[in-house]
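In the working numbering, the protein residues as written are 9 to 371.
Even glycine gets a Cβ: it sits at the ideal position worked out from N, Cα and C.
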Amino acid sequence: MTGLRLAVVGVGRIGVFHAQHLQELAAEREDCELVAVVDRHQDTAMRVAERLSAQQETPITSFDSTEALVASGIADAAIIASRTIDHRRDTQVMVEAGMRVLLEKPLGDTLDEARQLAVWLEEDETRSRAVMLAFQRRYDAAMLRAHELLREGIIGELFKIVSILEDPEPPPVGYQSAGLLSDMGVHNADEILWMAKRYPTQIAGFGARLHNQQIPDVTVEDFDDAFVQMWFEQDLTAQLQVSRNHVAGYRNECLLFGRRGRIHVGHFDEDPLRVRLEAVGLDHEVLEQQTYDLRDYERPVPVFIRRFGPAYKAEAADFVEGCIKKEPFAVTHHEGLKAMEIVAAGAEAIKRGGAIQLGSAST
Ligand SMILES: NC(=O)c1ccc[n+]([C@@H]2O[C@H](COP(=O)([O-])OP(=O)(O)OC[C@H]3O[C@@H](n4cnc5c(N)ncnc54)[C@H](O)[C@@H]3O)[C@@H](O)[C@H]2O)c1
């Protein structure tokens with residue numbers, strides 16, 4: 009087979025699913041192929057390569073570094089799902105070698121690092137087109153329909169966005185997080201910017217360590233629960249709510265409030281394999297109601313895979329298409345950096361604090 013030769017860098021919780029999706033796309037499209045996996049844990053790379061090789065006719069080679077992958081010259085493009093602290097190094101090594109990459113969020117471990125990577129990418133025309141940022145919500149069928157309805161004006165002028173992401177449990181032991189807002193809230197920040205099509209002018213935030221951070225041996229993070237409010241001039245506000253403490257299950261919701269109605273995606277209910285979208289006009293008039301079925305992988309999968317499986321695959325398909333056609337990517341390091349700026353500002357606002365101390369209640 010000839011065609012686009014693909015690699016996955018970092019085959020942990022999400023990387024193995026990116027690899028599976030690439031294998032499926034290869035079988036469906038016949039113009040690309042998964043040729044390699046990379047993991048700094050060499051035994052992981054070897055184990056995953058062996059398992060995945062059984063699913064296709066050609067073997068998958070394992071490497072223990074992006075440097076080794078690049079030296080081999082066997083891949084043209086890659087999905088990077090390594091630890092967040094490895095994002096910049098892995099990206100630079102591969103882009104320097106002329107590869108295009110789909111980089112998992114967040115763009116960098118810190119805002120400074122993300123800025124440095126963006127500056128480096130902008131130094132050169134080829135580099136500036138090399139990175140697609142993995143914000144899978146932009147490929148989610150329900151979110152895409154909400155975005156379309158909003159742009160069509162079904163709820164009139166938008167004045168408030170509420171974006172909620174709540175995990176049911178802490179990340180696994182050993183997971184490397186740059187902080188609750190960078191690790192999780194960056195999805196909401198991008199969702200808000202995507203819906204608003206504007207950049208906020210003011211931000212405030214509150215954080216707490218309520219449940220998850222009380223559990224022994226859990227990955228240490230700044231907060232396990234946070235609320236960030238941003239203002240876009242005086243006419244639009246957005247609320248970002250993020251937590252690791254929603255023990256009842258994975259919760260993703262987005263509410264868009266307009267002068268003539270409201271759109272709601274992703275009610276929390278008993279069926280995690282279905283996402284509902286509802287657009288309601290004035291006085292309870294239902295304008296649209298849809299249910300989106302998600303993918304059953306027929307094995308236990310992380311909660312984010314259960315909710316966004318088809319979106320991750322659609323995102324990978326768009327990446328492959330962009331690479332084959334040599335087209336610019338729709339979502340790049342620019343979006344990655346803007347979302348990082350929002351979450352960094354949110355974290356800074358939380359640190360500065362804005363709460364008013366109340367005395368004890370009088371009887
Ligand atoms: N888009 C999404 O919804 C989404 C969901 C999950 C994760 N992610 C992102 O994907 C990336 C990977 O997340 P994950 O949940 O798969 O993480 P993970 O910890 O399961 O895997 C990360 C990788 O790091 C490797 N690793 C672990 N410890 C290491 C060490 N000490 N030295 C070198 N390598 C080490 C692992 O072998 C694995 O390849 C992160 O950047 C995360 O933000 C995105």
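Say the cut is 7 angstroms; is the CB of F316 nearer than that to a heavy atom of ligand 2?
Absence of ligand 2 is noted for the structure shown, with ligand 1 being the only ligands found.
Y320: first and last residue of the uninterrupted alpha helix (DSSP H) it sits in
Y320: member of the alpha helix (DSSP H) spanning 311-333, first to last residue.
What is the residue span of the beta strand (DSSP E) that S70 lies within?
Annotation for S70: the continuous beta strand (DSSP E) segment containing it runs 69-71.
In the DSSP assignment, what residue or residues form a beta bridge with Y300?
BP columns for Y300 point to V283.
Under 7 angstroms Cβ to Cβ from L158, same chain only, skipping five residues before and after it: list those, please.
So the qualifying residues of the chain are L166, M203, L264, I271.
Given a threshold of 16 other Cβ atoms within 10 Å of its Cβ, counted over all protein chains shown, does K321 qualify as buried or as exposed?
Classification for K321: buried.
Hey, which unbroken runs of the beta strand (DSSP E) at 3 residues or more fall wholly within the region 84-152?
Fully enclosed beta strand (DSSP E) runs of 3 or longer: 85-88, 108-112, 139-142.
When the Cα atoms are used, what is the spatial distance from G367 to E261?
As the crow flies, the alpha-carbon of G367 is around 35 angstroms from that of E261.
Mind checking T66: buried by the 16 CB within 10 Å criterion, or exposed?
Here T66 is exposed, its C-beta having fewer than 16 other C-beta atoms within 10 Å.
With DSSP collapsed to three states, give me the class of E261.
E261: strand per DSSP, three-state reduction.
Can you give me the C-alpha to C-alpha distance between L244 and K168, rounded to a whole angstrom?
Taking the straight line joining both Cα atoms gives about 6 angstroms.
Does DSSP put S185 in a helix, in a strand, or in coil?
S185 carries a coil assignment under DSSP once its states are collapsed to helix, strand and coil.
For A186, collect the residues of the same chain with a Cβ closer than 7 angstroms to its Cβ; drop the 5 residues on either side in sequence, then sort them by chain order.
Result list for A186: T92, P114, D117, T118, in chain order.
Just the Cα atoms here: how many angstroms apart are R21 and S370?
C-alpha separation (whole angstroms): 51 angstroms.
Where R96 and L295 are concerned, what is the direct C-alpha to C-alpha distance, given to the nearest angstrom?
Those two C-alpha atoms are separated by around 45 angstroms.
Touch check for the region 212-223 and the region 355-362: three-plus C-beta pairs under 8 angstroms?
Yes: the two stretches touch, three or more of their Cβ pairs being nearer than 8 angstroms.
When you measure from the CB of Q100 to every non-hydrogen atom of ligand 1, does any distance come out below 7 angstroms?
Not one heavy atom of ligand 1 sits closer than 7 angstroms to the Cβ of Q100.
When you measure from the CB of Q31 to every non-hydrogen atom of ligand 1, does any distance come out below 7 angstroms?
Checking the Cβ of Q31 against ligand 1 gives no.
Check whether the Cβ of E112 lies closer than 7 angstroms to any heavy atom of ligand 1, and answer yes or no.
With a cutoff of 7 angstroms, E112 counts as near ligand 1, since its C-beta is closer than that to a heavy atom of the ligand.
Any idea which residues DSSP pairs S171 with across the strands?
In DSSP, S171 forms a bridge with L248, C262.
Near ligand 1: Q28 beta-carbon under 7 angstroms from a heavy atom
Checking the Cβ of Q28 against ligand 1 gives no.
State the start and end residues of the unbroken alpha helix (DSSP H) segment that holds L201.
Where L201 is concerned, the enclosing alpha helix (DSSP H) stretches over 194-204.
For D233, which three-state DSSP category applies?
It is a strand residue.
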